[in-house]
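In numbering that gives the first Met the number 0, the protein residues as written are 0 to 206.
The beta carbon of each residue, even a glycine, is placed where N, CA and C say it ideally should be.
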Amino acid sequence: MRTIRWYFDFVSPFSYIALQRLPEIAAEIEYRPVLFAGLLAHWGQMGPAELAPKRLWTYRYCQWQADALGIPFRFPAQHPFNPLHHLRLAIAAGATPQAVRQIFEVLWTTGADAADPVAFEALCRALKVTPGALAAPEVKDALRGTTEQAARRGVFGVPSFEVDGELFWGADGIDFLKAYLEDPSILHGAEMERLKTLPVGAARKRA
Numbered sequence: 000m001r002t003i004r005w006y007f008d009f010v011s012p013f014s015y016i017a018l019q020r021l022p023e024i025a026a027e028i029e030y031r032p033v034l035f036a037g038l039l040a041h042w043g044q045m046g047p048a049e050l051a052p053k054r055l056w057t058y059r060y061c062q063w064q065a066d067a068l069g070i071p072f073r074f075p076a077q078h079p080f081n082p083l084h085h086l087r088l089a090i091a092a093g094a095t096p097q098a099v100r101q102i103f104e105v106l107w108t109t110g111a112d113a114a115d116p117v118a119f120e121a122l123c124r125a126l127k128v129t130p131g132a133l134a135a136p137e138v139k140d141a142l143r144g145t146t147e148q149a150a151r152r153g154v155f156g157v158p159s160f161e162v163d164g165e166l167f168w169g170a171d172g173i174d175f176l177k178a179y180l181e182d183p184s185i186l187h188g189a190e191m192e193r194l195k196t197l198p199v200g201a202a203r204k205r206a
C-alpha cells in the first residue's frame with residue numbers, strides 16, 4: 000500500500016474537513032503538521048482570512064461543505080487564531096492519528112476560543128503532554144523542519160497530500176487524489192504534460 004504525506008495546520012478548516020475524509024483514501028497516511036503561516040511567508044502569499052470578502056466566503060463555504068458531508072463542525076470563537084501551541088502539542092504527542100483528531104475536534108466542533116489557556120491545558124492533560132514539553136528544542140525544531148521540508152517539496156497550502164512526488168491540494172482535491180491512486184496515468188496524458196511547460200503570458204508586478 001502506498002504511503003501519502005498529509006500536510007495540515009489546525010488553523011485550517013479545510014484541514015479539519017479533509018481529516019474526516021481520510022478513510023476514503025486507500026493508502027497509509029503519514030501525518031505532517033506544518034505552520035501554514037510559514038508556507039505563506041515562503042511563497043509570498045496572503046491567507047484566505049486576510050482578505051475580508053474571501054474570509055466570509057471561505058467561512059460560509061466551509062460551513063456549507065461540512066453540513067453537506069454530515070460532519071460536526073463549528074468555527075471557533077475567533078478565527079484565524081495562532082495554532083503554534085496546538086501544532087507543537089501534536090508533535091509532542093507523536094503526531095498520532097488519535098492525537099491529531101482529538102486536537103482538531105476540540106478546535107472545530109465546540110465553538111470555543113482556541114486561545115483559552117485553561118482549555119489548552121486540559122487538552123495537554125488529555126494527551127498526557129506537559130505544557131512545558133512544548134518548549135523543548137526538539138519539538139520546535141521538528142515543526143520548523145516539517146514546514147521547511149514541505150515548502151521545499153512545493154507545498155503552498157493546507158491541506159496538501161504528497162504521493163509519488165505529486166501534490167494534491169485542498170479538501171476538495173481528495174477526489175483528484177483518489178483518481179490518481181486508481182490510475183496514475185491521468186497525470187501523463189498529452190494535455191497534462193503540456194501544462195508543465197505552459198508559458199506565462201502576463202505577470203502581475205509585486206509591490
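- Under DSSP, Arg54 forms no beta bridge with any residue.
- Around the C-beta of Ile185, fewer than 16 other C-beta atoms lie within 10 Å, and the residue is accordingly described as exposed.
- In the same chain as Phe160, and ignoring 5 residues on each side of it, the C-beta atoms closer than 6 Å to its own belong to Ile3, Trp5, Phe167, Leu176, in chain order.
- Residue environment analysis places Arg143 among the exposed positions, since fewer than 16 neighbouring C-beta atoms fall within 10 angstroms of its C-beta.
- In this chain, the alpha helix (DSSP H) harbouring Phe13 covers 12-20.
- The alpha-carbon separation between Leu106 and Phe9 amounts to approximately 8 Å.
- Spanning the alpha carbons of Ala40 and Ala25 requires a straight line of approximately 33 Å.
- Shown here, Arg4 sits in a strand according to DSSP, grouped into three states.
- Counting only runs of 3 or more residues that sit fully inside the stretch 115-195, the beta strand (DSSP E) segments are 159-162, 165-168, in chain order.
- When C-alpha distances from Phe80 are compared across Phe35, Trp42, Asp163, the shortest belongs to Phe35.
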